[in-house]
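Step one of this worksheet: look at the structure below.
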Amino acid sequence: MAIKLLISGESNSGKTSLTKDLKDTLVISYDGKKYPFPVPHVLVPQFDSTAQLVTTINEKIVAYKDKFKVYPKTIVIDTVSKIFDTLLDACRTKHTGFKVYDALNADITAFTSYLQNTLIASDMNVIIISHAIWDQDTAKYNLVGKGDFGKRGSFLSEVDEAIFIETKNGKRVIHFKATKFPARTLTEGVPDSMPVEEFNLQEHMKLLSAGADAADEFAL
Numbered sequence: 003m004a005i006k007l008l009i010s011g012e013s014n015s016g017k018t019s020l021t022k023d024l025k026d027t028l029v030i031s032y033d034g035k036k037y038p039f040p041v042p043h044v045l046v047p048q049f050d051s052t053a054q055l056v057t058t059i060n061e062k063i064v065a066y067k068d069k070f071k072v073y074p075k076t077i078v079i080d081t082v083s084k085i086f087d088t089l090l091d092a093c094r095t096k097h098t099g100f101k102v103y104d105a106l107n108a109d110i111t112a113f114t115s116y117l118q119n120t121l122i123a124s125d126m127n128v129i130i131i132s133h134a135i136w137d138q139d140t141a142k143y144n145l146v147g148k149g150d151f152g153k154r155g156s157f158l159s160e161v162d163e164a165i166f167i168e169t170k171n172g173k174r175v176i177h178f179k180a181t182k183f184p185a186r187t188l189t190e191g192v193p194d195s196m197p198v199e200e201f202n203l204q205e206h207m208k209l210l211s212a213g214a215d216a217a218d219e220f221a222l
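Sequential numbering from 3 applies to the sequence shown in the working numbering.
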């Protein structure tokens with residue numbers, strides 16, 4: 003059973019660095035920086051709609067298949083925050099007034115539907131990387147989101163598995179379960195938190211997949 007995992011944290015918290023251990027993976031990199039690890043990846047060019055972005059992703063999945071003779075088992079989206087910023091800018095260029103946000107909501111819905119109904123439905127794991135910011139009023143971290151989707155909690159409202167990277171006193175800690183952070187899990191055997199040095203994303207994905215497969219055996 004395919005897994006949809008959210009990874010979030012503040013800027014420069016090491017979100018992208020977690021992907022260096024992944025196998026059989028295609029990283030869709032759109033974060034304004036060069037992807038630095040020896041993992042198959044594509045630096046997505048500028049786009050102005052979800053349809054254009056999806057076309058690029060699909061083309062690169064096929065290119066991965068042509069090169070490695072199999073489809074990738076995992077697709078990483080790095081980052082949805084930058085993608086949503088670009089979609090908002092594109093909608094502001096094309097529309098005015100309330101039509102901007104109507105178009106943005108439609109684009110975001112199309113993108114989230116693509117992740118679930120195309121990638122997940124094709125048995126590909128999806129790892130979503132998002133920036134998070136501290137909200138002093140609620141004393142919590144919120145994901146960077148746009149439109150109605152952002153108001154609903156962004157991707158945290160659409161995943162069962164989410165980890166958060168906290169940077170504190172010069173150290174990085176990964177949280178799996180917490181009300182203060184956008185972190186949650188339904189998988190047994192996962193600790194509340196651990197130092198980032200002890201974490202391996204590939205092994206974590208295997209653990210999540212095993213738990214999901216065990217639960218899926220009881221589906222009627």
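Note that the Cβ used here is the ideal one computed from N, Cα and C, for glycine as well.
Taking residue i as part of the beta strand (DSSP E), name the residues at either end of that continuous run.
i, result
"residue 166", "163-170"
"residue 76", "76-80"
"residue 121", "Residue 121 -> no beta strand (DSSP E), and no H or E assigned at all."
"residue 137", "127-137"
"residue 36", "Neither: residue 36 is in no beta strand (DSSP E) and is coded neither H nor E."
Relative to the alpha-carbon of residue i, which residue among the options has its alpha-carbon at the smallest distance?
i, options, result
"residue 51", "34, 110, 60", "110"
"residue 7", "218, 220, 214", "214"
"residue 63", "15, 120, 3, 134", "120"
"residue 5", "61, 130, 194", "130"
"residue 191", "61, 206, 182, 202", "206"
"residue 54", "24, 65, 85", "85"
"residue 132", "167, 115, 219", "167"
"residue 81", "128, 73, 32", "32"
"residue 142", "87, 183, 108, 200", "183"
"residue 89", "211, 3, 104", "104"
"residue 225", "9, 15, 124, 66", "With the chain covering 3 to 222 only, the question about residue 225 has no answer from this structure."
"residue 127", "18, 22, 73", "73"
"residue 11", "193, 68, 194, 170", "170"
"residue 210", "180, 164, 44, 36", "164"
"residue 198", "208, 177, 187, 181", "177"
Using the C-alpha atoms, what's the distance from residue j back to residue i?
i, j, result
"residue 28", "residue 48", "19 Å"
"residue 115", "residue 79", "14 Å"
"residue 59", "residue 30", "7 Å"
"residue 212", "residue 94", "43 Å"
"residue 40", "residue 100", "43 Å"
Please report the residue range of the alpha helix (DSSP H) in which residue i lies.
i, result
"residue 68", "52-70"
Based on the DSSP secondary-structure assignment, which residues constitute the bridge partners of residue i?
i, result
"residue 43", "29"
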